[in-house]
Amino acid sequence: MRCLIVDDSSDFRDAATDMLERAGIDVVGVACTADEAVARYSDLHPDVTLVDVELNGESGFDVVERLHATDGPAPSVILISTHSEQDYAEMIAESSALGFLAKFALSPTAIRRMVGR
Numbered sequence: 001m002r003c004l005i006v007d008d009s010s011d012f013r014d015a016a017t018d019m020l021e022r023a024g025i026d027v028v029g030v031a032c033t034a035d036e037a038v039a040r041y042s043d044l045h046p047d048v049t050l051v052d053v054e055l056n057g058e059s060g061f062d063v064v065e066r067l068h069a070t071d072g073p074a075p076s077v078i079l080i081s082t083h084s085e086q087d088y089a090e091m092i093a094e095s096s097a098l099g100f101l102a103k104f105a106l107s108p109t110a111i112r113r114m115v116g117r
């Protein structure tokens, strides 16, 4: 599985990359802004994209919708955050994302389960 991580925290991107790659998920790219996310997604066509809900003043929910507006098959996007799912429940339900994972619950197993692999 090929993964793109979109998060404004370099520490989180590094930790998540290490954890996922040790479990056989290939992190093919990272991005820290909405524009970078769309560009990297278009270039890399990952199997799954992890998008932080809050991107240093930008909305991860907007990123999800921008990714779904790109050409090609619908992307598999999972929203992530340090906040709880209840904080964003309505917005998550209305988004085109596969779902939500709290950062503390992020794992290769959880990602594979959401993507269906």
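Residue numbers (the UniProt record's numbering): 1 to 117.
Using N, Cα and C, we set each Cβ at its ideal position, and we do this for glycine too.
Three or more Cβ pairs drawn from the segment 1-10 and the segment 54-69 lie within less than 8 Å of each other, which places the two stretches in contact. When beta bridges are read from the DSSP output, A31 appears opposite V6. Scanning the UniProt domain "Response regulatory" (2-117) for uninterrupted beta strand (DSSP E) segments of 3 residues or longer gives 2-6, 26-31, 48-52, 77-81 and 99-102, listed from N- to C-terminal end. With 16 or more other Cβ atoms from the protein chains shown falling within 10 Å of its own Cβ, G29 counts as buried.
I80 sits away from D35, with the two beta carbons spaced by 7 Å or more. Residue environment: S95 is assigned as buried (16 or more neighbouring CB atoms within 10 Å of its CB, all protein chains considered).
If you compare the alpha carbons of A74, H83, V48 and A93 with that of I111, the shortest gap goes to V48. Residue environment for R22: exposed (fewer than 16 other C-beta atoms within 10 angstroms of its C-beta). Straight-line spacing of the CA atoms in I25 and A31 works out to 17 Å.
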